[in-house]
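What follows is a single structure, written as structure tokens, with notes after it.
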Amino acid sequence: MLSPVLCSDLAVLEPDYTEADVISTVEFNQTGEFLATGDKGGRVVIFQREPQGEYNVYSTFQSHEPEFDYLKSLEIEEKINKIRWLPPHNPAHFLLSTNDKTIKLWKVSERDKRAEGYNLRDEEGRLKDLSTITTLQVPVLRPMDLLVEATPRRVFANAHAYHINSISINSDCETYLSADDLRINLWHLSITDRSFNIVDLKPENMEDLSEVITVAEFHPHHCHLLAFSSSTGTTRLCDMRARALCDQHAKLFEEAVDPSRRSFLSEIVSSVSDIKFSHSGRYLLTRDYLTVKVWDINMENKPVETYQVHDYLRGKLCSLYESDCIFDKFECAWNGTDSVIMTGAYNNYFRMFDRASRRDVTLEASRELCKRRAVLQPRRVCVGRKRKETDVSVDSLDFRKKILHTAWHPKDNIIAIAASNNLYIFQDRMPTHGHHHAQQIQSAPPE
Amino acid sequence: MAGAEGDDSLYPIAVLIDELRNEDVQLRLNSIKKLSTIALALGVERTRTELLPFLTDTIYDEDEVLLALAEQLGSFTLLVGGPEFVHCLLPPLESLATVEETVVRDKAVESLRKISQEHSPVDLEVHFVPLVKRLASGDWFTSRTSACGLFSVCYPRVSSSIKAEIRQHFRTLCSDDTPMVRRAAASKLGEFAKVLELDYVKSDIIPLFTALASDEQDSVRLLAVEAGVSIATLLPQEDLETLVMPTLRQASEDKSWRVRYMVADKFSELQKAVGPEITKNDLVPAFQNLLKDCEAEVRAASANKVKVFCENLPEDSRETIIMTHILPCVKELVSDTNQHVKSALASVIMGLSTILGKDNTVEHLLPLFLAQLKDECPEVRLNIISNLDCVNEVIGIRQLSQSLLPAIVELAEDAKWRVRLAIIEYMPLLAGQLGVEFFDEKLNSLCMAWLIDHVYAIREAATCNLMKLVEKFGAEWAQNTIVPKVLGMANDPNYLHRMTTLFCINALSEACGQEITTKHMLPVVLKMSNDQVANVRFNVAKCLQKIGPVLESSALQAEVKPVLEKLATDQDMDVKYFALEAISGIMREHLHQYIMPSHYPNPYAEMRPVGSTLSNPYFTQST
């Protein structure tokens, strides 16, 4: 398994940060050369991997602004819920970012030339004496310092009555889906005024509402397959070839629950907070409050693997319910070869599970402990008495420090971990491409 | 002073050039749209050596600017020195053909296709073909998709060795890694096949078509369907069965409804391409399956094609095929669960009656029409009613009138105002087909009821409807049936209804003519000038202006003028305003008649108008 070394710690240096700096999503692009984060302040920060392996800020822009829906008297937060990169088009990079209501397509491009030579003004912009103009001058392009610009290319608005929780780009590279609590819409990337509703869970009477959509994702290769999970702990696979409306699923992944163990809290903790198709497309990773499960998409009745993320919390669910922590939405991630999975936990811990060896590890992302080039030391949480000096007792866990958003480089063993306003990038001690350096840079956009 | 003169002529061009890089997009756009002016001023030499290199690098701009640039360059040949130098336009268009915005790329490709014709055969091989090859092997999918549209324009004009290279490049793009490029290749496959020699169509295009039609991406497969139709038109009949039909058959049974939808959508083109024999043996069963498809979108698309498909069936067996194979499916669709399907069918089903003739229509189609007239979905009923003319020709509308009436009444009273609006729009058509008697008896009251609908859009449509009815049935009919009822509303306690009277008069005066307007309508309008509600009064002023030209001029002088003058002193500002407007409007109208003879073919012959308008006060005032 991975022996992670800090590669980049992208944090604000001063300890007091505002709520707006809290990172709300992390996503690598298809090649892993770029990493994007979105935060609660509506900003998107893009990092580029340097040849030495370190990630540096490449571009920062304000993707969404706070708005007010006058018809419904609702504030619309600027918080970025999800970012998805488009497959590479041309030298520019494209990504979709979304808040609760509006999806935007951004183009991030470089400019290294500037036009020079005016007819009527000099280069400082002063008007020339007209009598000195005897010939026409065509502007010429001269090299200039590299400028990275982010421009909004499209705005996909007014299609969601509820909060958007997912966006996912189809393997046909021309359509994508957006999902809110009750509906999934299908868009064409170049058409903003039309989208098709493909899943609708809204009952005629809202009092009959029994479940909401939590996440939706397209299959990585099959353009017709999409999966969506619900608050009841089920995940459905839909075949868009069969019908235009996918209200009827093709497959339903659900583990039978022992009725005697069913309780009010057990239903809450079974809610799926994230799903991810494996790179191969064969498996589906689902995260609920206490576990992460691997499903074979050919087997619906039970997961092929189940990993306990923090089973020690099972006894504390009541207090976690009271503090609302039980509703935290942890994400999960596959490594590039689908052999290791990763997901976050409390106390700035994150967990990794090696599927072949069944070994698992708990690691901590913290500024104090992450020394450059030092291998992260595994942590152990114990219930009751400590067995070792380094063990941490369940009661001393800090539930305000949580790692919800994680991402794994598509090929290399590099992971990105967001802990409130900090972004940590770790890479394997034995990097595949001979990068040894660990580094520290700033994450929250500079003033 | 010679220098200063030079400045003067340079100045506007200098501004245009500088604005090519103005911060304001609109100014940049204006400048790009006048690019030919700039090029003309610079001369061909400087256009080639300075302007075009600059434009080649301006791909950072906004889409609309790039789009305009791509379009301009397509007709720039003369400005760079004629066909001899047309290749100078290739670099800027090449860079535009790689931008991410599809509309810009498409426009650049369109311009490239245009200027390819202006290349000499030698230039084509030396300059244009290398550009196509560069695009085809570009790193980014944007350039490769653009290349797909350029093969067919250069292929016919190059040597056979280059032809072989072009075919090879096209083959490569058909199996590109990205679905975007495969889609572009699939959509250009038919076009490329058209310029290829028949042998190569068989040896090259067919395998590509087969591969694209079984691509893993639905979006590629569905584009292959259209290509298949084009290819089918190129092949001799005996090859169709072995080379194209297996693939098309497979497409009509594809797992993805989107592909089947495409087959349904292209069905009439396909039918024409494959000819009568294959239609009878293959397409008829395929069409039956599409009409019974499990996805409503597919059923709706094929239902839309029912009439055209039947029309184009080979004449000798048309009736048998329709009666035994198509009609049973159509019958099922009449009671489909999906309203889009039913409504698609309803929009074409009436057309079958002309194909099947009177007896079959009465026996088989009429029950279907009647069922659809009773359909729960208003759109279905509307579609039937809007196509009544087809049936009218074959069996006469009387056969239907018994069921038609309840359907119309129900639509006329539908709770949704848009439905009511739609049926109003068909009233003049229906009136024409049903005849005046039937209309007076059954529909007249409906038309009058709409005048007092609570939705303004309906009242407005209803007045417009009355006008069309009068145009159809004549002034006498209007005077007997409509005018009294309309004028009666002038005494309605609801001021909205009183205003409707005025709106109706506005609409009807011209169709009813001078006599009715002056004798019957005018007195009512004038009386309403004393209405308590200001809205009614200012509408009286507007109405008088509107009907002024229709009135007898003596009435204009003796009756209209005093009333308008009185309204012009009204307490209400709006009434005053519209009264004054009306006075000057009527005056202008008369001026037109006298001093603006352009209305008339021969101004002098028509100068002296009929009647005593010469003494018109408004005219004298103005002189």
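Keeping their order, the protein sequence lines are chains A and B. The first sequence begins at 50 in the working numbering and counts up one residue at a time. The second sequence begins at 903 in the working numbering and counts up one residue at a time. Even glycine gets a Cβ: it sits at the ideal position worked out from N, Cα and C. Since the structure is predicted, the reported quantities are computational estimates derived from the model, not experimental observations.
Subject >> Burial state of B/E907 (16 or more Cβ within 10 Å) >> reply: In this predicted model, B/E907 has a pLDDT of only 44, less than 50, meaning its place in the structure is not dependable; the value taken from the coordinates is given anyway. Its Cβ having fewer than 16 others within 10 Å, B/E907 is exposed.
Original post:
Counting contacts by CB-CB distance shorter than 8 Å, is B/F978 in contact with chain A?
Top reply: no
Original post:
Excluding the five sequence neighbours on either side, which residues of its own chain have a C-beta within less than 7 Å of the C-beta of B/M1350, listed in chain order?
Top reply: K1387
Subject >> A/E417 classed as buried or exposed, judged by whether at least 16 other C-beta atoms fall within 10 angstroms >> reply: exposed
**OP:** Would you verify that the beta carbon of A/E172 is, or is not, closer than 8 Å to some beta carbon of chain B?
**Re:** no
Original post:
B/S1204 CB to nearest chain A CB: under 8 Å?
Top reply: no
Original post:
Which residues of chain B have a Cβ atom closer than 8 Å to the Cβ of A/H138, listed in chain order?
Top reply: E1002, W1042, F1043 and T1044
Subject >> Under 8 Å (Cβ pairs) to chain B, residues found in the stretch 160-189 of chain A >> reply: R160, K162, A164, Y167, N168, L169, R170, L179, S180, I182, T183, T184, L185, Q186, V187, P188 and V189
Original post:
In terms of residues, what are the limits of the alpha helix (DSSP H) holding B/Y1397?
Top reply: Y1397 to C1414
Subject >> Secondary structure, alpha helix (DSSP H): runs of 4+ residues fully inside the stretch 948-993 of chain B >> reply: 954-958 and 965-975
**OP:** For the stretch 1337-1349 of chain B and the stretch 1393-1407 of chain B, state whether three or more C-beta atom pairs, one from each stretch, are separated by less than 8 Å.
**Re:** no
Original post:
Do B/V1372 and B/I1384 have their C-beta atoms within less than 8 Å of each other?
Top reply: yes
Subject >> Contact set between the stretch 227-241 of chain A and chain B, restricted to residues whose Cβ is under 8 Å from the partner >> reply: S239
**OP:** Leaving out five residues on either side along the sequence, give the residues of the same chain with a beta carbon under 8 Å from the beta carbon of A/W155.
**Re:** V93, F110, S112, F143, L144, L145, S146, A199, T200, P201 and R202
Original post:
Apart from the five residues just before and just after B/I961, which ones in its own chain have a Cβ nearer than 6 Å to its Cβ?
Top reply: S997 and V1001
Original post:
For B/A1139, which residues from the same chain have a beta carbon less than 7 Å from its beta carbon, with the 5 sequence-adjacent residues on both sides left out?
Top reply: Looking at the sequence itself, residue 1139 of chain B is Gln, so the reference to Ala does not match. Cβ neighbours of B/Q1139 beyond the five flanking positions: G1177.
**OP:** Could you say if the stretch 121-134 of chain A and the stretch 98-109 of chain A meet the contact criterion of at least three C-beta pairs nearer than 8 Å?
**Re:** no
Original post:
Taking 8 Å as the CB-CB limit, is A/E99 close to chain B?
Top reply: no
Original post:
What residue range is occupied by the uninterrupted alpha helix (DSSP H) comprising A/V187?
Top reply: Run containing A/V187: none; DSSP gives neither H nor E here.
Subject >> Element boundaries [alpha helix (DSSP H), containing A/I72] >> reply: Looking at the DSSP string, A/I72 is not in any alpha helix (DSSP H); the run it does join, the beta strand (DSSP E), is I72 to F77.
**OP:** Using a Cβ-Cβ cut-off of less than 9 Å, list which residues of the stretch 1097-1124 of chain B approach chain A; keep chain order.
**Re:** E1118, Q1119, D1120, S1121 and V1122
Original post:
Using a C-beta cutoff of 8 Å, does B/I934 count as contacting chain A?
Top reply: no
Original post:
A/T224 to A/L235, Cα distance in whole Å?
Top reply: 7 Å
Original post:
At a CB-CB cut-off below 9 Å, which residues of chain B make contact with A/D221?
Top reply: P1081, M1082, R1085, Q1119, D1120, S1121 and V1122
Original post:
In chain order, what residues of the same chain lie with their CB nearer than 7 Å to the CB of A/P427, ignoring the 5 residues before and after it?
Top reply: V410, T411 and L412
Original post:
So does the stretch 1020-1037 of chain B actually touch the stretch 125-134 of chain A, counting three or more Cβ pairs closer than 8 Å?
Top reply: no
Original post:
If the cut is a Cβ gap below 8 Å, which residues of chain A does B/A1153 touch?
Top reply: Neighbours of B/A1153 on chain A: none; closest Cβ ~13 Å, over 8 Å.
**OP:** Check each candidate in B/L1254, B/I1325, B/H1266 and B/G1298 and name the one with the smallest Cα separation from B/V1282.
**Re:** B/I1325
Original post:
Name the chain B residues that come within less than 8 Å of A/C272, Cβ to Cβ?
Top reply: P1081, E1118, Q1119, D1120 and S1121
Subject >> Cβ-Cβ distance between A/L226 and A/A265 below 8 Å >> reply: yes
Original post:
Using a C-beta cutoff of 8 Å, does B/R1201 count as contacting chain A?
Top reply: no
Original post:
Can a CB atom of chain A be found closer than 8 Å to the CB of B/A943?
Top reply: yes
**OP:** Taking a Cβ distance cut-off of 7 Å, strictly less, list which residues of the stretch 963-988 of chain B are near chain A, in chain order.
**Re:** none
**OP:** Jot down the residue ranges of each uninterrupted alpha helix (DSSP H) in the stretch 1282-1351 of chain B, minimum 4 residues, whole runs only, in chain order.
**Re:** 1290-1297, 1300-1314 and 1319-1340
**OP:** Look up A/L144 in the DSSP assignment and give the residues it is bridged to.
**Re:** A/W134 and A/W155
Subject >> Residues bridged to A/N471 (per DSSP) >> reply: A/A468
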